[in-house]
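Going by my numbering, the sequence shown opens with residue 281, and the numbers climb by one from there. Backbone N, C-alpha and C define an ideal beta-carbon position, used for all residues, glycine too. Right, one structure below, let's go through it.
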Amino acid sequence: MDSSNIAILSTVINKELYKKSSQLFPSNIQKYVIDGTNGMHGLDSIIYMMKMLKDRNIDWLIMADEDVLFENPDIVFDIIKKMETQNYTVCGVRDGGLISHRKENPYVINTFFSILNFREIELIWDEKEMLKNQYCKINEFQDDVSNLNEIYDTLSIYEPYYCFYLWLRRNEKQFLFLDSNQPFQEDKITNAVYFEDKVLLYHTWYARSYGINKKHTVRINKILELLKFENKIISNAIVFKHKTFFIIKSIKKVFKRIFMRIQMK
Numbered sequence: 281m282d283s284s285n286i287a288i289l290s291t292v293i294n295k296e297l298y299k300k301s302s303q304l305f306p307s308n309i310q311k312y313v314i315d316g317t318n319g320m321h322g323l324d325s326i327i328y329m330m331k332m333l334k335d336r337n338i339d340w341l342i343m344a345d346e347d348v349l350f351e352n353p354d355i356v357f358d359i360i361k362k363m364e365t366q367n368y369t370v371c372g373v374r375d376g377g378l379i380s381h382r383k384e385n386p387y388v389i390n391t392f393f394s395i396l397n398f399r400e401i402e403l404i405w406d407e408k409e410m411l412k413n414q415y416c417k418i419n420e421f422q423d424d425v426s427n428l429n430e431i432y433d434t435l436s437i438y439e440p441y442y443c444f445y446l447w448l449r450r451n452e453k454q455f456l457f458l459d460s461n462q463p464f465q466e467d468k469i470t471n472a473v474y475f476e477d478k479v480l481l482y483h484t485w486y487a488r489s490y491g492i493n494k495k496h497t498v499r500i501n502k503i504l505e506l507l508k509f510e511n512k513i514i515s516n517a518i519v520f521k522h523k524t525f526f527i528i529k530s531i532k533k534v535f536k537r538i539f540m541r542i543q544m545k
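What follows is the structure, given as structure tokens:
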């Protein structure tokens, strides 16, 4: 597969972990980073992503957090082939029903890993319309979620970024949902993600704690050891940082608090 129009994007809080995990990324594709050390993540990161990656000739965009550790990274190209031939726009793991500590909405995905038909989304992108979709309706979607093993809530709007995926679903874009479970007895946090019964990656969670909290550092290092990780390669990522994001966000929070106090009087 021609990888020139495929890219991978990470919103990074922990740069130390990213330096390691990015070495396990799929090969021969451009890496992009959104610097999340100023608080940018989730929905804000998606909106910023659509702005910064516009007109960069990206057909397929892989999104992977820095706590995602690939075991078989080149499987992403097989997934993209399937998405292309079967008209899928989004691929990822349901945010409810598969992972014991994610009990939220099974009709959308968690952003720790996904693959997007970026070209298709770019053509219809409308930030204002997207933001109107942070709501759920009973029985709106027809997915059969009855066989999911963990708890879920089909009406959850727990994550602010849900509106992005709900907007795509309401625009009749198709989702390819991947299987996931927690395969380790001693590690009840890490989940594996599968494609056609093969392990694609492990999501270790708690990226911000790596190198700070002993428990999570040891736990994540065990997965790196499992993957026979060797620290050799320097990342060639293109980095984006919204320099005024923290200030703007702080000002908006202050004005929101003032407005709420006025409304209560």
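Could you compute how far the alpha carbon of residue i sits from the alpha carbon of residue j?
i                 : j              : result
leucine 446       : tyrosine 368   : 15 angstroms
valine 519        : proline 306    : 18 angstroms
leucine 333       : alanine 517    : 13 angstroms
glycine 377       : lysine 453     : 22 angstroms
asparagine 493    : histidine 321  : 21 angstroms
glutamine 465     : histidine 496  : 15 angstroms
leucine 341       : asparagine 390 : 15 angstroms
leucine 323       : glutamine 414  : 11 angstroms
asparagine 501    : lysine 299     : 13 angstroms
valine 356        : lysine 408     : 31 angstroms
valine 313        : isoleucine 401 : 20 angstroms
phenylalanine 421 : valine 479     : 28 angstroms
aspartate 282     : serine 515     : 21 angstroms
aspartate 424     : glutamate 476  : 19 angstroms
aspartate 553     : isoleucine 437 : Given that the chain is displayed from residue 281 to residue 545, the structure contains no residue 553 and the question cannot be resolved.
Checking 8 angstroms against the spacing of the C-beta atoms, do residue i and residue j come in under that value?
i              : j              : result
isoleucine 469 : tryptophan 485 : yes
threonine 365  : serine 325     : no
leucine 458    : tyrosine 442   : no
histidine 522  : tyrosine 328   : yes
isoleucine 338 : alanine 287    : yes
glutamine 462  : isoleucine 379 : yes
methionine 343 : leucine 289    : yes
valine 373     : serine 460     : yes
Would you mind sorting residue i into buried or exposed? The rule is 16 or more other CB atoms within 10 Å of its CB.
i              : result
aspartate 354  : exposed
asparagine 471 : buried
lysine 311     : buried
asparagine 308 : exposed
glutamate 439  : buried
glutamate 346  : buried
serine 284     : exposed
Give every residue of the same chain whose Cβ lies closer than 8 angstroms to the Cβ of residue i, excluding the five residues on either side of it in the sequence, and list them in chain order.
i              : result
leucine 435    : Asn385, Cys416 and Ile418
glutamate 296  : Tyr490 and Gly491
methionine 410 : Cys443, Phe444 and Trp447
isoleucine 293 : Gly316, Thr317, His321, Glu346, Ala487 and Arg488
arginine 450   : Asn413
In its own chain, which residues sit with a C-beta less than 7 angstroms from the C-beta of residue i, not counting the 5 before and 5 after it?
i              : result
leucine 481    : Val348, Leu349, Phe350, Glu351, Phe393 and Val473
cysteine 371   : Ile359, Met363, Ser394, Ile395, Leu456 and Leu458
tyrosine 388   : Correcting the residue identity first, residue 388 is valine in this sequence and not tyrosine. Same-chain partners within the cutoff: Asp375, Tyr442, Tyr445 and Leu446.
isoleucine 513 : Gln303
aspartate 433  : Gly376, Lys383, Glu384 and Asn385
Once the 5 residues before and after residue i are set aside, which same chain residues still bring their CB inside 6 angstroms of it?
i              : result
methionine 330 : Trp405
arginine 499   : Asp467
Got a sec: does the ligand ADP put a non-hydrogen atom nearer than 7 angstroms to the Cβ of residue i?
i             : result
glutamate 296 : Of the ligands one can find in the structure shown there are none, so the ligand ADP has no counterpart to examine.
Count the CB pairs spanning the stretch 425–439 and the stretch 393–407 that are closer than 8 angstroms, and state whether there are at least three.
-> no
Report yes or no: do three or more beta-carbon pairs, one from the stretch 508–515 and one from the stretch 377–387, lie closer than 8 angstroms?
-> As far as the Cβ criterion goes, the stretch 508–515 does not touch the stretch 377–387, which means the pair count is below three.
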